[in-house]
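Chains as they are written, first to last, in my numbering: chain A, 1 to 168; chain B, 1001 to 1168.
Protein chains: 2
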Amino acid sequence: MEFEASKEKFIQTWGVLGGSWGINRTMAQIHALLLVSHIALSAEEIMDELQISRGNANQNIRDLIDWGLVYREYKAGERKEFFTAEKDIWAVAKQIVKERRKREIEPVRKILTELKNTSTSKNSEAEKHFVKMIGNIEDVVGKMDNSVDKLIKLDESAIVGTLFKIFK
Amino acid sequence: MEFEASKEKFIQTWGVLGGSWGINRTMAQIHALLLVSHIALSAEEIMDELQISRGNANQNIRDLIDWGLVYREYKAGERKEFFTAEKDIWAVAKQIVKERRKREIEPVRKILTELKNTSTSKNSEAEKHFVKMIGNIEDVVGKMDNSVDKLIKLDESAIVGTLFKIFK
DNA sequence: AATATGTTTCACTAAATACTGAAAGTATAA
DNA sequence: TTATACTTTCAGTATTTAGTGAAACATATT
């Protein structure tokens, strides 16, 4: 396959994957483009390559920076900003997990804990079952969350080591 | 908090969480309702409780059955179908991971492998970098995918044991 | 075979989400 | 201080995704 075609295919693929991972398509495409680019790109170049508007590019680049997946860069003698992606894929994966944990899991845990603590009366079968279920869910979500928390605190070699250790 | 209010809050919370996990809001709400219900419910009852249309209920119930999260049930003397959710939360989590792996990760791995194998010429810096990145990504995605694959093949006690072992 | 009790489908509508592009804002240079 | 080179914002629009409800379909009952 030709270089440009391969690049295009990768960008599209990463875009689709992003779509199902809480990262919107354009955001994932910009990320993909920066990942496979060996040099930093300007907003202009990104707009041009992906055929998107200035507003769209600006918004999604800033979201990527918020997620910690993309960095701003400045070049001597150039007024405009350039952007590069974090190239360490383990770091990228960890960062995504970390953000999603913060944005999605933490609020849910908070509500589950609250529900567990405020649901006092257990008269009917229905209520007993409800309280039990909430307890179970809180327990499982909590255990998973703790494991994920520990995992994202490990560095790359430790992650690989750990995964190998478990799944040898 | 009152029972009905707690239940409502749980359903809403689960719905929001589902939304960011590739499971649409209504689907997650139906799942939540069935999780906390100690008896099997009919389509009618689900429509009624969640204030949704027949078509919507039917579609999402069937999607839940496809995902292996909900089971059909029949009651003696009743013509209509009843539905219950898988109540083992570890099984639920495993099932979701399994489905998403199948639907999202596998196709991406396939494309990555294909890109790695068909990108032959490495003349420019850009091309060299591209090939290297694709290799890295394929490697990390592959390792994660394998670990996940092993994990979902463990049973509940083994999962808990494993997680404890790693993160003691 | 007619009726009753369901379930499923699908064209249409509604809602949520993403994108555009022009205008406003900001910072550096002349 | 004015011009220039950018970045950011945001109201309007387009696209995508989800939901409705009536009609078609299926199956059991009389």
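Each residue gets a CB set at the ideal place from its N, CA and C atoms; glycine is no exception.
1. What residues from chain B crowd round residue 27 of chain A, counting only those whose CB sits closer than 8 Å?
2. Any chance the segment 1107 to 1127 of chain B sits against the segment 59 to 68 of chain A, with 3 or more Cβ pairs inside 8 Å?
3. Here's the rule I'm using: 16 or more other beta-carbon atoms within 10 Å means buried, otherwise exposed. How should residue 153 of chain A be labelled?
4. Note down, in chain order, every chain A residue with its Cβ under 9 Å from the Cβ of residue 1157 of chain B.
5. So what does DSSP say about residue 1041 of chain B, is it helix, strand or coil?
6. Rounded to a whole number of angstroms, what is the C-alpha to C-alpha distance between residue 1102 of chain B and residue 1129 of chain B?
7. Select from B:1157, B:1127, B:1093 and B:1142 the residue whose C-alpha is nearest the C-alpha of residue 138 of chain A.
8. Beta carbons nearer than 7 Å to chain B: which residues of the segment 27 to 45 of chain A have them?
9. Pop quiz: residue 1112 of chain B and residue 1096 of chain B are said to be a contact at Cβ under 8 Å. What is the actual Cβ separation, rounded to whole angstroms?
10. Under a three-way DSSP split, which group does residue 1079 of chain B fall into?
11. So, for residue 1061 of chain B: in the same chain, excluding its five sequence neighbours on each side, which residues have a beta-carbon less than 8 Å away from its beta-carbon?
12. Label residue 1105 of chain B either buried or exposed according to how many other C-beta atoms from any shown protein chain fall within 10 Å of its C-beta, with 16 as the threshold for buried.
13. Determine the chain B residues that contact residue 9 of chain A at a beta-carbon separation under 8 Å, and present them in chain order.
14. Which residues mark the beginning and the end of the alpha helix (DSSP H) in which residue 1036 of chain B is found?
15. State yes or no: is the beta carbon of residue 1068 of chain B nearer than 9 Å to at least one beta carbon in chain A?
16. Along chain A, in chain order, which residues have C-beta atoms closer than 8 Å to that of residue 1099 of chain B?
17. Please decide whether residue 47 of chain A counts as near chain B, where near means a Cβ-Cβ distance under 9 Å.
18. Check each residue of the segment 134 to 146 of chain A: if its Cβ is closer than 9 Å to any Cβ of chain B, include it; give the result in chain order.
19. Which of the three DSSP states is assigned to residue 1073 of chain B in this structure?
20. Determine the DSSP secondary structure at residue 1120 of chain B, reduced to helix, strand or coil.
21. Return no unless some Cβ of chain A is closer than 9 Å to the Cβ of residue 1003 of chain B.
22. How far does the alpha helix (DSSP H) with residue 58 of chain A in it reach, from first residue to last?
23. Buried or exposed: where does residue 11 of chain A fall if 16 or more other Cβ atoms within 10 Å of its Cβ makes it buried?
24. Among residues of its own chain, excluding the 5 on either side of residue 1028 of chain B, which ones have a beta-carbon nearer than 6 Å to its beta-carbon?
25. Mind listing the chain B neighbours of residue 22 of chain A? Cutoff is C-beta to C-beta under 7 Å, in chain order.
26. Does the Cβ-Cβ distance between residue 1035 of chain B and residue 1085 of chain B come in under 9 Å?
27. Once you ignore the five residues that flank residue 1025 of chain B on each side, which residues in its own chain have a CB closer than 8 Å to its CB?
28. Compare the C-alpha of residue 1140 of chain B against each of A:159, A:54 and A:56 and name the closest.
29. Between which residues of its own chain and residue 1156 of chain B is the CB-CB distance below 6 Å, once the five residues before and five after are set aside?
30. Taking 9 Å as the CB-CB limit, is residue 1130 of chain B close to chain A?
31. Return the CA-CA distance between residue 1080 of chain B and residue 1074 of chain B, expressed in angstroms with no decimal places.
32. Would a C-beta distance cut-off of 9 Å place residue 1169 of chain B and residue 3 of chain A closer than the cut-off?
33. Report the CB separation of residue 109 of chain A from residue 142 of chain A in whole angstroms; it is logged as a contact under 8 Å.
According to the structure data:
1. By one-based count along the first sequence, residue 27 of chain A stands at place 27. Residues of chain B passing the Cβ test: none, with the nearest at roughly 14 Å.
2. no
3. Within the first sequence, the letter at position 153 stands for residue 153 of chain A. With fewer than 16 other Cβ atoms within 10 Å, it is exposed.
4. Residue mapping note: residue 1157 of chain B aligns to position 157 of the second sequence, counting from 1. Listed along the chain, the chain A residues whose CB falls inside 9 Å of the CB of residue 1157 of chain B amount to none; the nearest CB is some 13 Å away.
5. Start at 1 with the first residue of the second sequence, and residue 1041 of chain B comes out as number 41. Strand.
6. Taking the first residue of the second sequence as 1, we reach residue 1102 of chain B at position 102. Taking the first residue of the second sequence as 1, we reach residue 1129 of chain B at position 129. Going by the C-alpha atoms only, they are around 29 Å apart.
7. In the first sequence, counting from the first residue as 1, residue 138 of chain A sits at position 138. Comparing Cα-Cα distances from residue 138 of chain A to each of B:1157, B:1127, B:1093 and B:1142, the minimum goes to B:1093.
8. 35, 36 and 38
9. Numbered from its first residue, the second sequence carries residue 1112 of chain B at position 112. Numbered from its first residue, the second sequence carries residue 1096 of chain B at position 96. So it is not a contact: roughly 23 Å between Cβ atoms.
10. Here the question's residue 1079 of chain B lines up with position 79 in the second sequence. DSSP places residue 1079 of chain B in coil when its eight states are reduced to three.
11. As a first step, residue 1061 of chain B must be located in the second sequence, where it is residue number 61. Closer than 8 Å at Cβ, skipping near neighbours: 1030, 1043, 1046, 1070 and 1083.
12. To locate residue 1105 of chain B, count along the second sequence from 1; it is residue 105. With 16 or more other Cβ atoms from the protein chains shown falling within 10 Å of its own Cβ, residue 1105 of chain B counts as buried.
13. Within the first sequence, numbered from 1, the residue matching residue 9 of chain A stands at position 9. Near residue 9 of chain A (Cβ distances below 8 Å), the residues of chain B are 1111 and 1115.
14. Numbered from its first residue, the second sequence carries residue 1036 of chain B at position 36. Run containing residue 1036 of chain B: none; DSSP gives neither H nor E here.
15. Against the second sequence, residue 1068 of chain B aligns to sequence position 68. For residue 1068 of chain B, the answer is no, since every Cβ of chain A falls outside 9 Å of its Cβ.
16. The residue given as residue 1099 of chain B occupies position 99 in the second sequence. Within 8 Å Cβ-Cβ: nothing; residue 1099 of chain B doesn't reach chain A, min ~11 Å.
17. Taking the first sequence and counting its residues from 1, one reaches residue 47 of chain A at position 47. Not one chain B Cβ lies under 9 Å of residue 47 of chain A.
18. The residues in question are 134, 136, 137, 139, 140, 141, 143, 144 and 146.
19. Translated into the one-based positions of the second sequence, residue 1073 of chain B becomes position 73. Looking at residue 1073 of chain B - three-state DSSP - the assignment turns out to be strand.
20. Counting from 1 along the second sequence, the entry for residue 1120 of chain B is found at position 120. In the structure shown, residue 1120 of chain B sits in coil (DSSP, three-state: anything other than H, G, I, E or B).
21. For the purposes of this step, residue 1003 of chain B is taken as the residue at position 3 of the second sequence. It does: the Cβ of residue 1003 of chain B has a partner Cβ on chain A nearer than 9 Å.
22. Locating residue 58 of chain A in the first sequence gives position 58, counting from the first residue. 54 to 66 is the extent of the alpha helix (DSSP H) around residue 58 of chain A.
23. Against the first sequence, residue 11 of chain A aligns to sequence position 11. Buried, by the Cβ-count rule.
24. Here residue 1028 of chain B is taken as the residue at index 28 of the second sequence, counted from 1. Counting only Cβ-Cβ distances below 6 Å, and skipping sequence neighbours, we find 1014, 1015 and 1018.
25. For this step, residue 22 of chain A is matched to residue 22 along the first sequence. Residues of chain B passing the Cβ test: 1020.
26. Working through the second sequence from its first residue, we reach residue 1035 of chain B at position 35. Working through the second sequence from its first residue, we reach residue 1085 of chain B at position 85. Going by C-beta atoms, residue 1035 of chain B is nearer than 9 Å to residue 1085 of chain B.
27. One-based indexing of the second sequence puts residue 1025 of chain B at position 25. Contacts found: 1015, 1016, 1018 and 1019.
28. The sequence position of residue 1140 of chain B within the second sequence is 140, counting from 1. Closest by alpha carbon: A:159.
29. Stepping through the second sequence from its first residue, residue 1156 of chain B is reached at position 156. Once the five neighbours on either side are set aside, the close Cβ partners of residue 1156 of chain B are 1090.
30. Against the second sequence, residue 1130 of chain B aligns to sequence position 130. Yes, its Cβ sits closer than 9 Å to a Cβ of chain A.
31. Here the question's residue 1080 of chain B lines up with position 80 in the second sequence. Here the question's residue 1074 of chain B lines up with position 74 in the second sequence. Those two C-alpha atoms are separated by around 7 Å.
32. It is not possible to answer for residue 1169 of chain B, since the shown part of chain B is limited to 1001 through 1168.
33. Working through the first sequence from its first residue, we reach residue 109 of chain A at position 109. Working through the first sequence from its first residue, we reach residue 142 of chain A at position 142. That pair is a contact at about 7 Å.
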